[in-house]
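Colleague: FYI, the working numbering numbers position 133 of the sequence shown as 133, with every residue one higher than the one before it. Note that the Cβ used here is the ideal one computed from N, Cα and C, for glycine as well.
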Amino acid sequence: MKRYVLVGIAVLAAGCGSSSSPSSPSNTQPTTVVFTAALNAANETPAPITNADRDAKGTSTMTFHLTRDSAGTITGATVDFVYSVSGFPPGTQLILTHIHEGGPAIGGGVKIGAPLSAGSPITLADGTATNITFNGITGWADGLPLVQKIIDNPNGYYFNVHSALNPGGAVRGQLVKQ
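1. Give me whichever residues DSSP pairs with R172 in a beta bridge.
2. To the nearest angstrom, how far is the alpha carbon of T97 from that of N160?
3. Of the choices W140, R54, L175 and A37, whose alpha-carbon is the least far from that of Q127?
4. On the three-state DSSP scale, how would you describe N166?
5. Helix, strand or coil for N155 per DSSP?
6. Measuring alpha carbon to alpha carbon, tell me which of I99, L116, S117 and P115 ends up nearest G109.
7. Can you name, in chain order, every residue of its own chain whose Cβ lies under 6 Å from the Cβ of G168, other than the five neighbours on each side?
8. Quick one: grab the DSSP three-state call for Q29.
Written out as structure tokens, the structure is:
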């Protein structure tokens, strides 16, 4: 009888061990991806800014919050923009904020934009603003494949801020993945 009990315990112990292959694919892809950009009026294209906004500069952080399936494919996303600017003339109105497609010194189309407009600008009383924040941005024209393209090639995209004086863009910086 003792021999049967020992064999039974050994069989149970073997069955309780961990398997070397998971029962479903594991997703090791990040669900948060952060980019930064150093903003400068000299980076604007087709030519650097030379008017009253010429000394403008800033920093920006763009955080992508991703939902992925078990294979790691992006199935949902939102984006947060946080940026600070300085060197603008007092009273400057910021009218747009976007991520555009385009490498260094190349202008490109808007890909992800914040809900900011000339009709509802941010006015910089002293030419400076800290931590301007837009959370949960969705609904970009190129859909979810765009998010993966930005992750794969951040230097092919730039963040810029447009002012009333420079509606085509006042400060710009290429995305850098953190």
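Modeller: For this structure:
1. One-based indexing of the sequence shown puts residue 172 at position 172. Looking at the DSSP assignment, R172 forms a beta bridge with N40 and N160.
2. By 1-based counting over the sequence shown, the position of residue 97 is 97. By 1-based counting over the sequence shown, the position of residue 160 is 160. Rounded to whole angstroms, T97 to N160 spans 6 Å at the Cα level.
3. By one-based count along the sequence shown, residue 127 stands at place 127. Residue 127 is actually Gly in this sequence, not Gln. The residue with the shortest Cα to Cα distance from G127 is R54.
4. Numbered from its first residue, the sequence shown carries residue 166 at position 166. Here N166 carries a coil assignment [DSSP, helix/strand/coil].
5. Taking the first residue of the sequence shown as 1, we reach residue 155 at position 155. In the three-state DSSP reduction, N155 falls in the helix class (H, G or I).
6. As a first step, residue 109 must be located in the sequence shown, where it is residue number 109. Of the candidates I99, L116, S117 and P115, the one whose C-alpha sits nearest the C-alpha of G109 is I99.
7. Looking up residue 168 in the sequence shown gives position 168. Once the five neighbours on either side are set aside, G168 has no close Cβ partner at all.
8. Translated into positions along the sequence shown, residue 29 becomes position 29. When DSSP states are grouped into helix, strand and coil, Q29 belongs to the coil group.
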